[in-house]
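Residue numbers (my numbering): 4 to 393. Beta carbons: idealized from backbone N, C-alpha and C, even for Gly. Predicted model only: the values in this text are computed from it and were never measured. Report on the following structure.
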C-alpha cells in the first residue's frame, strides 16, 4: 500500500536520505507537496529493543530525556490555568513521571491521567495519589470526551504513525477552551555546524519544522497561543487551545519543500565533514592523556568520538554522566562516574561533551575541580575542522 503524507494527504513522498546504523531499515522522505519530513516504513510497533546509547539511528530506549523538558511544560500549564483549581490533565507518554510529579507539586488539586506504554518506566507513576496510570499506547486508550483541561505531550508526537489522528483525539478529549501543551524535536537542529550524531533515529517517524508542526496542530482544531522559541533549534514547544472541529488537510507549500531539501543536503555535508574531523579531536585528547583527562557527557557525541574518531576510552581518567549513570553502567569499557568523583580523580583536563548544556556542565565541573582546564566539545571540533582544512 502506498504511503501518503500525514499533513497534506499527498503521495508525493521522495526518499532523500538513509540514516546511519538503522536497525529498522528506515529511509527519510520529503513530501513534495507540503514539505513534511517523515521516515518510512512507519514502524511504530516494532519490538522494543535493548537500551542503546548510540550515535546512530539505533539510539534509544534509555528513556531519560523527557525529564529535561518538564519545567518548561509545568510553567506553561501554570501560565494558562489556575494552579489552585481541580485541574484534570492528560500526560501522554508520561515516561519516568518527571512532569507528573512536578505538576502535582505545583497544583495541589490537580489530577493526572498518565499514559505510558513502556512498563519498565511506567511504574514511576504507579500507586501515587491523584495519578491514574494506564500502561498502554495513547492510540489504544479509550478516553472520555471533554474530560481534560490540559493535554500534555512531550516528545511523543514524532513517534506516532498517525499524529494527525491522535491530535484530533486530543481535541475531542479536551474541554471547551482546553489547552494542548506540545513539545517535539526541531528539525532546525540539522543546521548546526557542530552536529556529529545521526539525528534521524529509528523511533522518530516524523521530523517537524515549526511550520509543519504548527499546520498539523491547526488542522486538528487548535489555535496556537504560544509559538515555539525561534532561538531553540533543538525543540518545538508550543501551547494551543481547542477552538473547534478539525479542519482540512494542509495545502501545498513549495517554500517549505525547498527548505526541507536544502536543510537535509546541508546536514549530510556538514555531518560528513565533522565526522572526518573527529580523528583530530581524538588525537588531541590522546596527547593530553598525561595530564589526566576526564570527559563529562557519555551520550551520543561521545559515542561519535569513539566510533568515528577512534578515540580509546581507556585513556580517560574519568567518564562522567550523572543522567545516564542510573540507567547505563558503562560506555565503551569505561564505568560511568558521578560528578563528585572529580574531587578524588583530580584530572588536569575536563572535556565537556555536550551541546545544549555545555555552560551549565562547565560551571559545575569547576566547583569539583577548580584547577582543571575546561575544554568544550565545540571548540575541539572547530580546531579539528581547521586542521582538516589546512
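Between which two residues does the alpha helix (DSSP H) harbouring residue 257 extend?
It spans 257-291 - the alpha helix (DSSP H) in which residue 257 sits, taken as one unbroken run.
Alpha helix (DSSP H) segment containing residue 245, residue limits:
In this chain, residue 245 is not harboured by any alpha helix (DSSP H); it is covered by the beta strand (DSSP E) spanning 238-245.
Rounded to whole angstroms, what's the CA-CA distance from residue 130 to residue 121? Just pull it up for me.
Rounded to whole angstroms, residue 130 to residue 121 spans 16 Å at the Cα level.
Limits of the alpha helix (DSSP H) - the one that residue 205 falls within
Residue 205: not part of any alpha helix (DSSP H); DSSP gives it neither H nor E.
For the beta strand (DSSP E) containing residue 335, name the first residue and the last one.
First-last for residue 335: undefined, no H or E at that position.
When burial is assigned at 16 or more other CB atoms within 10 Å of the CB, is residue 116 buried or exposed?
Counting C-beta atoms within 10 angstroms of its own C-beta, residue 116 has 16 or more neighbours from the protein chains shown and is therefore classed as buried.
When you compare the segment 285-301 with the segment 338-356, are there three or more beta-carbon pairs, one atom per stretch, that lie closer than 8 Å?
Taking a cut-off of 8 Å on C-beta distances, the segment 285-301 touches the segment 338-356, as three or more cross pairs fall below it.
State the beta-bridge partners of residue 376 as determined by DSSP.
According to DSSP, which records beta bridges pairwise, residue 376 is partnered with 352.
In chain order, what residues of the same chain lie with their CB nearer than 7 Å to the CB of residue 266, ignoring the 5 residues before and after it?
Here residue 266 has 190, 193, 194 as same chain residues with Cβ atoms under 7 Å from its own Cβ, once five neighbours each way along the sequence are excluded.
Who pairs with residue 151 in a beta bridge, going by DSSP?
Answer by DSSP bridge pairing, in chain order: 177.
Rounded to whole angstroms, what is the Cα-Cα separation between residue 216 and residue 228?
One C-alpha to the other measures close to 14 Å.
At what residues does the alpha helix (DSSP H) containing residue 116 begin and finish?
No alpha helix (DSSP H) contains residue 116, which is instead part of the beta strand (DSSP E) from 114-118.
Could you name the residues of the same chain whose beta carbon sits closer than 6 Å to that of residue 156, not counting the 5 residues immediately before and after it, in chain order?
So the qualifying residues of the chain are 95, 185.
Considering Cα atoms alone, identify which of 151, 310, 158 is closest to residue 3.
The question about residue 3 has no answer here: the residues shown for the chain are numbered 4 through 393.
When you compare only the Cα positions, how much space is there between residue 104 and residue 381?
Near 34 Å, if we compare the C-alpha coordinates of residue 381 and residue 104.
Indicate whether residue 89 and residue 52 have their beta-carbon atoms separated by less than 8 Å.
Cβ atoms of residue 89 and residue 52: not closer than 8 Å.
Under the three-state DSSP convention, the category residue 251 falls into:
Residue 251: coil per DSSP, three-state reduction.
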